[in-house]
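Structure first, then comments.
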Amino acid sequence: MRPPQETVLMPVATFLSSRPENLLLFATVGAIAGAYWFIKGFRLLQRKRLVLNTPTSKVRSASMGLVEISGLATSPYVMTSPLKQARCYYYRSVAWQLKQQGKNSTWEKVAEEILHVPFYLDDDSAKVLVDPRGAELDLHCDLQQEYHRSILFTGPEMPGSVSDFLARHGVDPDRRIKVEEYCIKPKNFLFVLGTLSQNPGLDASVTPAWAERADQGQETKAPGLRPNNGEDVVEGAQLIKLSSEGAALPATAMTQQGKIAAALSKAGISNPAAWTAAGVGIKTARSEPSSSGLQAVAIETAVMTEQQGDSDEAESFDLHPPVVLMQGSHQPAFFISWRSQRDVIKLLGWKSDLMIWGGPALSLACIYFLLAHFGWL
């Protein structure tokens, strides 16, 4: 019986030896990847030093500026994540589809939803409002599963919540699909490195129109998710303005349709079928595949946050806090992790060491191979 290492390496060796140009391709990619890892390693080392040099503070005694605060996530509001149906304050739900490109197959992101309600960090001394927009998030993966409706694939059956999520974005559930979901749930431990600054006007009593797209300003954009800034939704004589630039309205000043429309817009859901299921006007900006029986998670969010906001628990929260933990204008470092400070330092330490030393070694080995192959040595 062959050892496991030989079983894994033999197909790779056969692939490389069958076509010599593959060796040149892998060597070129390896040289570039090594240089990239080297640069990224120094960035991680810089992050590690920033974490080590930033003072750890309690909420009550924290000074303005860059701080580190650890505590438990809490909020007077709660919403339901679209995939796992978990009660949470923040979720990022992503779906990939396996697509064939010639002889190769790659996972392509086909759907993504990111949404949050106002939440706080509680360290027993006090609570501080956290605005996660612009943050680099290191969250625990609550759901990671692959589905394929085929007699040849013996994986788990796709739940209805996953099917609804895919339908909202016009994705065929019969294809090979992989989903992931990251959440900040009640009482989750969080370590936050960010800037404690004066409240720029955030109103924690606004639900869910206050809940901005948490990925606003980030580089990663999913296909099919378009902010609906400045678009109007008309149904009869009612006009709902969906614009993130205007002043936000409190929940008490919004109609139920207004709350639902705002939630759909902020979640990036522009599928007309989802708007029809919500009972608001259909947007005619562009046409997307429709599906029956859609249950938009943003609709559930609008209802649930309203119910939670009416509870007595909201009285213990300052809905108009004077300070907010957020991304600073002069110090852009903003990091939210489910790990402790010690674990974050360890993780950044071994990753930076591996990339700083392993990156150049990989680049030099690949460059040596290329020089030897072309006879330049």
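Residue numbers for the sequence shown follow this note's numbering, beginning at 2 and rising by one.
Built from N, CA and C at the ideal position, the CB exists for glycine as well.
- Query: Exposed or buried, residue 195, counting other C-beta atoms within 10 Å across all chains shown (16 or more means buried)?
  - Reply: The residue is buried, with at least 16 neighbouring Cβ atoms inside 10 Å.
Residue from 337, 332 and 325 whose Cα sits closest to the Cα of residue 61:
Nearest in C-alpha terms to residue 61, of all of 337, 332 and 325, is 325.
Practice item. Starting from residue 108, trace the beta strand (DSSP E) both ways and give me its first and last residue. Key: Counting along the chain, the beta strand (DSSP E) containing residue 108 begins and ends at 105-117.
Q: Indicate the three-state DSSP secondary structure (helix, strand or coil) for residue 78 in the structure shown.
A: Residue state for residue 78 is assigned as coil, using DSSP reduced to three classes.
Practice problem: Using DSSP bridges, identify the partner residues of residue 101. | Solution: When DSSP reads this structure, residue 101 sits in a beta bridge with 106.
Beta-carbon proximity of residue 329 to residue 42, cut-off 9 Å: Not a contact, by the Cβ cut-off of 9 Å.
Original post:
Based on the DSSP output, what are the partners of residue 194 in its beta bridges?
Top reply: The partner list for residue 194 (beta bridge, DSSP) reads 69 and 336.
Three-state secondary structure (DSSP) at residue 139? Strand.
Distance, residue 178 Cα to residue 350 Cα | Distance between the alpha carbons of residue 350 and residue 178 is about 34 Å.
**Item:** residue 192 versus residue 59 - alpha carbon distance
**Value:** Cα to Cα, residue 192 sits roughly 12 Å from residue 59.
Span of the beta strand (DSSP E) around residue 327 = For residue 327, the enclosing beta strand (DSSP E) starts and ends at 324-327.
Margin query: Using the three-state DSSP reduction, which class does residue 86 fall into: helix, strand or coil?
Written below: In the structure shown, residue 86 sits in coil (DSSP, three-state: anything other than H, G, I, E or B).
task: Please state whether DSSP places residue 128 in a helix, a strand or coil.
output: DSSP places residue 128 in the strand class (E or B) of the three-state scheme.
Can you find at least 3 beta carbon pairs, one from the stretch 43-57 and one from the stretch 333-347, that sit closer than 8 Å? Pairwise C-beta distances place the stretch 43-57 in contact with the stretch 333-347, as three or more of them are shorter than 8 Å.
Does the stretch 130-146 come close enough to the stretch 99-111 that 3 or more CB-CB pairs lie under 8 Å? Between the stretch 99-111 and the stretch 130-146, the count of C-beta pairs closer than 8 Å stays below three; the two stretches do not touch.
- Can you tell me whether residue 16 is buried or exposed, with buried defined as 16 or more other CB within 10 angstroms of its CB? Low confidence applies to residue 16: its pLDDT is 45, below 50, so where it sits in the model is not reliable, and the reading given next is rough at best. It counts as exposed.
> How close, in whole Å, do the beta carbons of residue 63 and residue 197 come, if the pair is a contact with beta carbons under 8 Å?
Replying inline: Residue 63 to residue 197, Cβ: 5 Å. Contact.
- prompt: For residue 1, which of helix, strand or coil comes out of DSSP?
  reply: This structure gives no information on residue 1, because the portion of the chain shown stretches from 2 to 378.
Distance between residue 142 and residue 85 (C-alpha atoms, nearest Å):
Approximately 11 Å between the Cα atoms of the pair.
- Could you tell me which residues DSSP pairs with residue 147 in its beta bridges? According to DSSP, residue 147 shares a beta bridge with 179.
Assuming the contact rule is C-beta atoms closer than 8 Å, residue 95 and residue 180 should be a hit. Round their C-beta distance to whole Å, please. Their Cβ separation, rounded to whole angstroms, is 7 Å, which keeps residue 95 and residue 180 in contact under 8 Å.
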